[in-house]
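The block underneath contains the structure these notes are about, expressed in structure tokens.
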Amino acid sequence: MRGHSSRLGGAGGRGGGGGVQVLLIIWALSFSLLVLVVAAAGRGGTQHSNIRAHSKGDAASCVGSQHPDLVTDLPEQPNVSFRHYAGYVTVHEQNGRALFYWFYEATTRPDDRPLLLWLNGGPGCSSVGYGATQEIGPFIVDSDGRRLKYNPFAWNREANMIFLESPVGVGFSYSNTTSDYKLLGDDFTANDTYTFLHKWFEKFPSYRNRSFYIAGESYAGKYVPELAELIYDRNSDPNLYIDLKGFLLGNPETSDGHDWRGLVDYAWSHAVVSDETHQLIRDSCDFDSNDTWNNDSCSKGVDEVLNQYKQIDIYSLYTSICISNSSAKGDKTMLQIMFKRSSTMMPRIMSGYDPCLDDYAHLFYNRPDVQKSLHVTSDGRQLRSWRICNDTIFRDWAQYKASVLPIYKKLIAGGLRIWVYSGDTDGRVPVLSTRYSLNSLQLRSTGHWRPWYHEKEVSGWVQEYEGLTFATFRGAGHAVPIFKPSSSLAFFASFLRGEPPSADR
1 MRGHSSRLGG
11 AGGRGGGGGV
21 QVLLIIWALS
31 FSLLVLVVAA
41 AGRGGTQHSN
51 IRAHSKGDAA
61 SCVGSQHPDL
71 VTDLPEQPNV
81 SFRHYAGYVT
91 VHEQNGRALF
101 YWFYEATTRP
111 DDRPLLLWLN
121 GGPGCSSVGY
131 GATQEIGPFI
141 VDSDGRRLKY
151 NPFAWNREAN
161 MIFLESPVGV
171 GFSYSNTTSD
181 YKLLGDDFTA
191 NDTYTFLHKW
201 FEKFPSYRNR
211 SFYIAGESYA
221 GKYVPELAEL
231 IYDRNSDPNL
241 YIDLKGFLLG
251 NPETSDGHDW
261 RGLVDYAWSH
271 AVVSDETHQL
281 IRDSCDFDSN
291 DTWNNDSCSK
301 GVDEVLNQYK
311 QIDIYSLYTS
321 ICISNSSAKG
331 DKTMLQIMFK
341 RSSTMMPRIM
351 SGYDPCLDDY
361 AHLFYNRPDV
371 QKSLHVTSDG
381 RQLRSWRICN
391 DTIFRDWAQY
401 KASVLPIYKK
411 LIAGGLRIWV
421 YSGDTDGRVP
431 VLSTRYSLNS
441 LQLRSTGHWR
451 PWYHEKEVSG
461 WVQEYEGLTF
471 ATFRGAGHAV
481 PIFKPSSSLA
491 FFASFLRGEP
501 PSADR
């Protein structure tokens, strides 16, 4: 398996972006000047990469029913009382680089609730396609790819939520400068996301001083701490201050050596690979070395682990795989790339109660009326090709950090709230990987390892440390909220309150 890197991930296809429509509300004559400013300051207009470059008269500063990004006609949307917004934020005017977001107000008391940014990983996978419409958003795509179902366990019951497709090339996010796609990496993504936040606050100024949290899963285990560190460092400038309180991560990639070691040990302990393969890897692989894959015996052993995982859903060991439609075909293609080209790209087989969810999202987001209502296209005819993951981004990822554990130490010392959770049937970033990483921090325990409960059942186990809380979800795969929607919502509420998960039945 020559050519492995220490990075793990999933993949898919490139999405684009483009023009958008600004809806001008004709007000009384005394407001005509503001209307002219609205026309001049829409998305794709005169935004700049400088965070403070927007005019105070930007149309995006409008709120409520007058906001140009307000979604009013999403096809097959369930009736809801909260507002939601979607559209683009230009993060680099000269290069024409814009990120797509979908923002849901909290279901109740949005003015009193905190603000949360959710990021999915990959690198190259869509937070809209996964987080928003399969996991924790209020609308779940139905099995026909045409209708939306209301999610009673959506996390916007507790917070106002932004789902961001990042970096450019993911979902509807795009750049008009081809060379940008060759620069994509961890630092590039963190800087664009940071710029996005300040530009977004100009669109929604009432949220600028709101308590702010970041959450994500999988490769967002790198994105989220890196963004948090950037915010933390730049908060020394009062003009750039964001009231960051903490972050929450699920089955996160954290430290490459620990992640690989945990993946292999988990596969062996769950009878996915033989004793011989496991022993070969233990004897020959040094996952902390930059030359790991130059060892032929190590590469052979890891190849065998990945070969066995081809047969099942690595993201959820005990659920069925999608054996029909585009998902199955796409995953076979990705596996061929992995083994024939010695790539480290892992197949993206979405786990959950319905393993074909990726297909449904693909159908829905490529509908002309959906793209028009989300302000992706102005006329519903010039469509943007949307895919849930972009395998080109994954393969060409230019720069990444082997470990974000030093960031954990820094931000724990800085007083941020950090919670990490693991679904215990995930083979992709298994609970062992996360425990290996967190144990290496050598944090002081502030409580005993104990079960935590939801609706009188054991939901998992929890360990509290000084500055960090770690919890497991019993019977959940990689994307925990798909498997455990009710208990994950309760867990999220505990996180926001800063209270440990329930110790009472």
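Under the UniProt record's numbering, think of the first position of the sequence shown as 1, with each following residue one higher.
C-beta atoms are modelled at their ideal positions from N, C-alpha and C, and glycine is treated no differently.
Which of helix, strand or coil DSSP assigns to residue i
{"i": "Arg43", "result": "Because the pLDDT of Arg43 is 35, which lies under 50, any placement of that residue in the model is unreliable, and the number read from its coordinates should be weighed accordingly. DSSP places Arg43 in coil when its eight states are reduced to three."}
{"i": "Asn235", "result": "coil"}
{"i": "Arg417", "result": "strand"}
{"i": "Phe483", "result": "helix"}
{"i": "Gln463", "result": "strand"}
{"i": "Ala471", "result": "strand"}
{"i": "residue 507", "result": "Outside the shown range of the chain (1 to 505) lies residue 507, about which nothing can therefore be said."}
{"i": "Trp27", "result": "Note that Trp27 scores 35 on pLDDT, short of 50, meaning its location in the model is unreliable and no value can be drawn from it."}
{"i": "Val170", "result": "coil"}
{"i": "Cys389", "result": "strand"}
{"i": "residue 528", "result": "There is no way to answer for residue 528, as the model of the chain reaches only from 1 to 505."}
{"i": "Cys298", "result": "helix"}
{"i": "Ile412", "result": "helix"}
{"i": "Val273", "result": "coil"}
{"i": "Leu148", "result": "strand"}
{"i": "Ser126", "result": "coil"}
{"i": "Ile136", "result": "coil"}
{"i": "Ser143", "result": "coil"}
{"i": "Gly257", "result": "helix"}
{"i": "Gly17", "result": "Residue placement at Gly17 cannot be trusted, given a pLDDT of 38 that sits under 50; what the coordinates show is reported in the next sentence. The answer is coil: DSSP assigns Gly17 none of H, G, I, E or B."}
{"i": "Gly423", "result": "strand"}
{"i": "Ser378", "result": "coil"}
Beta-carbon gap between residue i and residue j smaller than 9 Å
{"i": "Ile91", "j": "Ile393", "result": "Here residue 91 is Val; the residue named in the question, Ile, does not match the sequence. Contact flag unset, no."}
{"i": "Ser437", "j": "Leu405", "result": "yes"}
{"i": "Phe470", "j": "Ala476", "result": "no"}
{"i": "Phe163", "j": "Tyr85", "result": "no"}
{"i": "Ile136", "j": "Phe492", "result": "yes"}
{"i": "Pro500", "j": "Ala490", "result": "no"}
{"i": "Thr178", "j": "Pro123", "result": "no"}
{"i": "Leu317", "j": "Asp426", "result": "yes"}
{"i": "Asp233", "j": "Gln399", "result": "no"}
{"i": "residue 509", "j": "Trp118", "result": "Not covered by the structure: residue 509. The range shown for the chain is 1 to 505."}
{"i": "Leu230", "j": "Asn191", "result": "yes"}
{"i": "Tyr88", "j": "His375", "result": "yes"}
{"i": "Thr377", "j": "Arg384", "result": "yes"}
{"i": "Phe473", "j": "Ser403", "result": "no"}
{"i": "Asn156", "j": "Pro138", "result": "yes"}
{"i": "Gly301", "j": "Thr277", "result": "yes"}
{"i": "Val71", "j": "Phe100", "result": "no"}
{"i": "Asn95", "j": "Asn176", "result": "yes"}
{"i": "Gly257", "j": "Asp288", "result": "yes"}
{"i": "Arg417", "j": "Gly498", "result": "yes"}
{"i": "Cys356", "j": "Ser143", "result": "yes"}
{"i": "Ala159", "j": "Leu115", "result": "yes"}
Start and end residues, alpha helix (DSSP H) containing residue i
{"i": "Pro368", "result": "Pro368 to Ser373"}
{"i": "residue 506", "result": "Past the boundaries of the shown model lies residue 506; the chain is included only from 1 to 505, so the question cannot be answered."}
{"i": "Ile214", "result": "No alpha helix (DSSP H) holds Ile214; the beta strand (DSSP E) holding it covers Phe212 to Ser218."}
{"i": "Asn364", "result": "The amino acid occupying residue 364 in the given sequence is Phe; Asn does not appear at that position. Per DSSP, Phe364 belongs to the alpha helix (DSSP H) from Leu357 to Tyr365."}
C-beta neighbour in chain B for residue i, strict 9 Å
{"i": "Arg444", "result": "The question asks about chain B, but that chain is absent: this structure has only one protein chain."}
The beta strand (DSSP E) enclosing residue i, as first and last residue numbers
{"i": "Asn251", "result": "Leu244 to Pro252"}
{"i": "Glu165", "result": "Asn160 to Glu165"}
{"i": "Tyr101", "result": "Arg97 to Tyr104"}
{"i": "Tyr207", "result": "Premise fails: Tyr207 is in no beta strand (DSSP E) and is neither H nor E."}
{"i": "Ile321", "result": "Unbroken run through Ile321: none, as it is neither H nor E."}
{"i": "Trp118", "result": "Leu115 to Leu119"}
Can at least three beta-carbon pairs, one atom from the segment 437 to 451 and one from the segment 464 to 472, be found at a separation below 8 Å?
Because the criterion of three Cβ pairs below 8 Å is met, the segment 437 to 451 and the segment 464 to 472 touch.
Those runs of the beta strand (DSSP E) which lie wholly inside the segment 434 to 460 and span at least 3 residues
Unbroken beta strand (DSSP E) runs of no fewer than 3 residues, entirely contained in the segment 434 to 460, are found at 450 to 454, following chain order.
Taking 8 Å as the cut-off, does the segment 188 to 207 touch the segment 144 to 155 (at least 3 CB pairs, one atom from each stretch)?
The segment 144 to 155 vs the segment 188 to 207: no contact.
Which ranges would you report for the alpha helix (DSSP H) in the segment 60 to 92 if only whole runs of at least 4 residues count?
Listed in chain order, nothing qualifies, since the segment 60 to 92 has no complete alpha helix (DSSP H) run of 4 or more residues.
Would you be able to state if there are at least three C-beta pairs under 8 Å between the segment 238 to 257 and the segment 205 to 214?
Yes, the segment 205 to 214 is in contact with the segment 238 to 257.
Does the segment 369 to 384 come within contact of the segment 212 to 231, defined as at least 3 CB pairs closer than 8 Å?
Verdict: no, contact absent.
So, does the segment 130 to 143 touch the segment 90 to 107, judging by three or more C-beta pairs under 8 Å?
The segment 130 to 143 is in contact with the segment 90 to 107.
Looking at C-beta atoms only, is the number of pairs between the segment 299 to 315 and the segment 262 to 280 that lie closer than 8 Å three or more?
Taking a cut-off of 8 Å for Cβ pairs, the segment 299 to 315 and the segment 262 to 280 touch, as three or more such pairs fall below it.
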